[in-house]
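Here is the structure we will look at, set down as structure tokens.
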Ligand code: NAD
């Protein structure tokens, strides 16, 4: 059977704690299911800075580029607050995204039935929620030029950011969204601001044309991004896949995150273009949360976002759909049984540690 290579970058803070729970599952899958994962491990963020003076070394960057998938924990912490800007912990993640050309960010918002009371919205609004936000990650206003602050010399300054998109960038992110929708509820809602932005007009045109040319079996709708934000908190279950640009995606995915209750539950994937020969995409999987320095080393971090990120890795990088669903079901089963880490603790449940949660999920996976 072909070898499946995963490059592990646990990072800083709680990153190594949650990663070690997933590593134990990977070993288990190799031993019991013959999954044939081959893992290697590197340093990223503050730990890489301490070792190499860089947020990721060239050697580890090469390994990330060569692997079938990269599994990333979290980076950062107060220890590195004063390191030079271009080697700060986040620079490691930004370099990975740039060098691997990861233009599509996938953030599912799934509300496990057992946690429907943890959301700030009413349980009936979020129970059973399963939506996917596909955000363009490498273009738009975060990267467009000019990007300047100019002193106007009269006590005033002028700041400029440039929102810029080209056809190919919109086509390829729309393609990802339509393909994802085909494997889910077959619906895509595209969000932009065509009423006030030229980039919104082009976005709308290109998504519509891409749909007509290649994906007209998928149901497509369009919504202005501000209305989309409102609809996300009014009745989020109306959506299946939402596709949007870098700026709106940044905000809308955080809104969607809160629907599910806790940061410790949210996975994400970032994908590149398919390889011309093999069709495989470069891919990095990571929890949405950061390195949580306030609880690092205490053994109480919630490892579920890390497990759920690995479930996305199984699905999108290795096409191991059954195993991915089995892992997602194992998470739901464990939550149904009433055990919780501190961040998702509620009345009547039993609080457990990171390791105990990891063990419970692996046990449910094997059952
Ligand atoms: P954070 O996500 O690390 O933590 C926010 C709060 O949520 C904290 O109270 C934390 O204890 C809690 N939390 C987060 N994940 C949890 C988990 N798995 N289990 C239990 N509780 C959890 O965000 P922050 O405090 O703003 O940032 C801390 C550091 O992480 C900073 O250095 C920041 O730059 C970095 N950061 C990194 C990433 C990344 O690596 N992708 C993302 C966001 C922030």
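Numbering (our numbering), first residue to last: 0 to 366.
Quick reminder that beta carbons are idealized off the backbone N, C-alpha and C, glycines included.
Taken in chain order, the whole alpha helix (DSSP H) runs of length 4 or more contained in the stretch 70-130 are 88-98 and 122-125. Taking every protein chain shown into account, the CB of residue 244 has 16 or more other CB atoms within 10 angstroms, so this residue is buried. In the three-state reduction of the DSSP assignment, residue 133 falls in the strand class. Counting C-beta pairs with one atom in each stretch, the stretch 186-204 and the stretch 217-228 have three or more that are closer than 8 angstroms, which means they touch.
Residue state for residue 252 is assigned as helix, using DSSP reduced to three classes. In the three-state scheme derived from DSSP, where H, G and I count as helix and E and B as strand, residue 277 is classed as coil.
Of the heavy atoms belonging to the ligand NAD, at least one sits nearer than 7 angstroms to the Cβ of residue 288. Taking the Cα of residue 107 as reference, the smallest distance to any Cα among 268, 246 and 296 is reached at 268. Looking at the DSSP output, residue 226 bridges to nothing.
Selection 349, 341, 343 and 329 evaluated against residue 359 yields 329 as nearest (Cα-Cα). Between residue 114 and residue 248, the CB-CB gap reaches or exceeds 8 angstroms. Taking the CA atoms as reference points, residue 30 sits about 24 angstroms from residue 62. Going by C-alpha positions, residue 6 is about 9 angstroms away from residue 64. The C-alpha of residue 315 lies about 49 angstroms from the C-alpha of residue 155. Fewer than three Cβ pairs drawn from the stretch 276-287 and the stretch 114-132 lie within less than 8 angstroms of each other, which leaves the two stretches out of contact. Counting other Cβ atoms within 10 Å of its Cβ, residue 159 stays below 16 and is therefore classed as exposed.
No Cβ-Cβ contact shorter than 8 angstroms links residue 80 with residue 290.
Beta-bridge partners of residue 150 (DSSP): 156.
For residue 293, the distance from the CB to the nearest heavy atom of the ligand NAD is below 7 angstroms. Our two residues, residue 292 and residue 73, have alpha carbons roughly 10 angstroms apart in a direct line.
Contact check between the stretch 49-62 and the stretch 342-354: fewer than three CB pairs, one atom from each, fall below 8 angstroms, which does not count as touching. Straight through space, the alpha carbons of residue 88 and residue 97 are spaced by roughly 15 angstroms. Under the three-state reduction of DSSP, residue 46 is assigned to helix. With fewer than 16 neighbouring CB atoms inside 10 Å of its own CB, residue 297 falls in the exposed class. In this chain, the beta strand (DSSP E) harbouring residue 240 covers 240-243. In this structure, 174 is the residue among 231, 1 and 174 with its C-alpha nearest to the C-alpha of residue 212. In the displayed model, residue 201 falls within a helix according to three-state DSSP. Under a 10 Å Cβ-count criterion, residue 202 is classified as buried, with 16 or more other Cβ atoms of the shown protein chains found around its own Cβ.
Bridge pairing for residue 39: 6 [DSSP]. For the set 75, 179, 162 and 325, the Cα lying nearest the Cα of residue 130 is the one of 179. In this structure, the ligand NAD has a non-hydrogen atom nearer than 7 angstroms to the beta-carbon of residue 74. Here DSSP, grouped into helix, strand and coil, assigns residue 323 to helix. Taken atom to atom, the span from the alpha-carbon of residue 41 to that of residue 76 is near 18 angstroms.
Per DSSP, the continuous beta strand (DSSP E) segment holding residue 189 begins and ends at 186-191. With a cutoff of 8 angstroms on beta-carbon distance, residue 302 and residue 17 are scored as near each other.
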